[in-house]
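The structure appears right after this line, and notes come after that.
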Amino acid sequence: MKKTLSLVIAMLMVTLLLPLAGQAEEPVTIEYWQYFYESKVNLIDELIVEFEAVNPDIKVVHQTFPYDSYQEKLAAAILAHEGPQIVNLFYGWVPQYVKSGVLQELPASTFPHEVIENEFAPMVTINKFDGKYYTIPIAVRTLGLLYNKDILARHGFDAPPATAEEMLEMAVACTERDGNGTLVVEGMTFQPSGQLHTYFRPVLLKQFGQAPMSDDYKTALWNQSEGGYEAFAWLTDLVQKYQVGEQDFMGDDVTAFRQGAAAMSIDGSFRLGTLANDTELNYGVAPLPPLNGVECTFSSFWTNGILADVSGRELEASERFLAFLTSEPVMKRWTQEIGEIGARVSIANDEELLANEKLAPFIQMLPYAVSYFYVDEAKDRQVVLDAIDRVLIENMDARESLDIAVEEAQALLDAYWND
């Protein structure tokens, strides 16, 4: 009787499983989250369609959020265990995400360390923690000088400045005010919350001979020499002494430049995608001018990581999608359509890309581009913004304000490393 019953049960199980054997597994769904930046959103949507066409077993859901609320939305989703599988993060946020255990190490089988360190831009290694990589970027960005050709020509200049000293002279000459002294055209945009805080550290500091941080990233060195004070004063003097620009002029620096109300603006390569539709704007791009004979530019990047609790088919699908996003063909397309430079070194040597007169200067600066190690990018940025406000709004001495800023920056470092 037992044998008969066992045989019946076995036959029943086989009968139940037979239909499943002839069916393909349901596609696994993963979510990719990033902040809303129109050109990036459009391209990712197109790339998802292409990826799904050759990976019918994977469905990718693309979610975007306003920049100002992105991290808040992400944190809430992670706490509720309703987060995405892949997140796009600013590189300066990564230390906090790694420290909090939110990200998992990238699978070395798909993203070997030797490939990352030999085939990707050197600044990518700034996000290596205890010998592990948790994120990988599609592209990197450098700062360059955008200039309005018509405004420069109106003031007798037929070429962009070759040095920062010339840049300041041209900014003064191109600044236009009405009869009441109201600013009409900025000689140089001044928006510290944009790219100028990154221009100060590490670019200006390095150009005045001061390293921004110790080699172990544990000590802020902004005021460790007279050069550090001179670098900060050079920045605040753009408004306080030379009056070539104003904070929030026309809303922000991007709007002022796009509206033809700024002669020059320090901005990133990613801005090319934004300006692509401004067909009436006659502008050019030049490398960030050297100061005191020192060539330097800031490089940053948005990078992709897989959340710690992703496993099984979702992890496999996430690896495949992330490998696709960081492939050379996608990086080249990203460079052409967004303006950010594909993170693989081979992209910087692509002759077709170098033939683009607006993109080429950003690519050419990669050999001397440097990044800055943030433990909390938002708070570190605010330290610089507050330091500038103390000088320009409260009339505090620039040296005193920089000293306060260094104390605040050091407190952030201490809190991160000592915990």
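Quick note on numbering: the numbering used here labels position 347 of the sequence shown as 1341, and the sequence is numbered without any gaps. Heads up, the beta-carbon is just placed ideally off N, CA and C, and yes, glycines get one too. What you are looking at is a predicted structure, and each value in this text was computed from that prediction instead of being measured.
{"Check": "Opposing strand residues paired with TRP1087 [DSSP bridges]", "Outcome": "Paired residue(s): none; TRP1087 is not in a bridge."}
{"Check": "Rounded straight-line distance, which links the Cα of GLU1220 to that of THR1230", "Outcome": "16 Å"}
{"Check": "Those residues which DSSP pairs with VAL1055 across a bridge", "Outcome": "GLU1025"}
{"Check": "Cβ-based neighbour list, THR1023, same chain, cut-off 7 Å, excluding 5 preceding and 5 following", "Outcome": "LYS1053 and VAL1055"}
{"Check": "Cβ shell of MET1005 (< 7 Å), same chain only, five flanking positions each side left out", "Outcome": "The pLDDT assigned to MET1005 is 36, lower than 50, so where the model puts this residue is not dependable, and the model offers no usable value."}
{"Check": "Inter-residue spacing [alpha-carbon to alpha-carbon] between ASP1391 and VAL1385", "Outcome": "6 Å"}
{"Check": "Cβ-Cβ distance between ALA1115 and VAL1134 below 8 Å", "Outcome": "yes"}
{"Check": "Residues of its chain near ILE1072, where Cβ-Cβ distance is below 8 Å and the 5 sequence neighbours each way are ignored", "Outcome": "VAL1096 and LEU1301"}
{"Check": "GLU1032 versus SER1305, ARG1338 and THR1268, residue with shortest Cα-Cα distance", "Outcome": "THR1268"}
{"Check": "Neighbour-count burial assignment, SER1294, 16 or more Cβ in a 10 Å radius", "Outcome": "buried"}
{"Check": "Three-state secondary structure assigned by DSSP to ALA1102", "Outcome": "coil"}
{"Check": "Backbone CA spacing between TYR1368 and GLN1237 [nearest angstrom]", "Outcome": "30 Å"}
{"Check": "Local conformation of THR1297 per DSSP, three classes", "Outcome": "strand"}
{"Check": "Reduced DSSP secondary structure (H/G/I, E/B, other) of LEU1379", "Outcome": "helix"}
{"Check": "ILE1335 (DSSP reduced to helix, strand or coil)", "Outcome": "strand"}
{"Check": "Which of helix, strand or coil DSSP assigns to ALA1015", "Outcome": "Unreliable positioning characterises ALA1015 in this predicted model, as indicated by a pLDDT of 42, which lies under 50. The coordinate reading is nonetheless provided below. Correct three-state label for ALA1015: helix."}
{"Check": "The alpha helix (DSSP H) enclosing ILE1268, as first and last residue numbers", "Outcome": "Inspection of the sequence shows that residue 1268 is occupied by Thr rather than by Ile. Residues 1265–1269."}
{"Check": "As assigned by DSSP and simplified to three states, the class of LYS1200", "Outcome": "helix"}
{"Check": "PRO1196 versus PRO1361 - alpha carbon distance", "Outcome": "15 Å"}
{"Check": "Three-state secondary structure assigned by DSSP to MET1164", "Outcome": "helix"}
{"Check": "Own chain partners of GLU1025 with C-beta closer than 7 Å, once the 5 adjacent residues on each side are dropped", "Outcome": "VAL1055, GLN1057, PRO1078 and GLN1079"}
{"Check": "Minimum C-alpha distance to PRO1284 - residue among TYR1193, LEU1068 and ASP1039", "Outcome": "TYR1193"}
{"Check": "ILE1052 at chain D interface by Cβ criterion, 8 Å", "Outcome": "In the structure shown, chain D cannot be found, because there is only a single protein chain."}
{"Check": "Cutoff 7 Å; reference LYS1212; Cβ partners in own chain excluding five residues on either side", "Outcome": "LEU1407 and TRP1411"}
{"Check": "Distance, HIS1107 Cα to ASP1144 Cα", "Outcome": "48 Å"}
{"Check": "Unbroken alpha helix (DSSP H) run spanning ARG1148, endpoints", "Outcome": "1143–1148"}
{"Check": "GLU1170 - partner residues in DSSP beta bridges", "Outcome": "VAL1179"}
{"Check": "LEU1198 burial status per 10 Å Cβ neighbour count (16 or more: buried)", "Outcome": "buried"}
{"Check": "Closest residue to LYS1235 among ASN1389, GLN1253, GLN1028 and GLY1188 (Cα-Cα distance)", "Outcome": "ASN1389"}
{"Check": "Boundaries of the alpha helix (DSSP H) in which GLY1221 is found, first to last residue", "Outcome": "1220–1234"}
{"Check": "With 16 other Cβ atoms within 10 Å as the buried cut-off, status of ILE1387", "Outcome": "exposed"}
{"Check": "Sub-8 Å separation of MET1258 and TYR1141 beta-carbons", "Outcome": "yes"}
{"Check": "6 Å CB neighbourhood of LEU1282 in its chain, flanking five on each side removed", "Outcome": "LEU1137, GLY1138, LEU1139 and THR1291"}
{"Check": "CB-CB length for GLY1299 against TYR1128, believed under 8 Å", "Outcome": "5 Å"}
{"Check": "Local conformation of TRP1411 per DSSP, three classes", "Outcome": "helix"}
{"Check": "Exposed unless 16 or more other CB atoms sit within 10 angstroms - verdict on GLY1188", "Outcome": "buried"}
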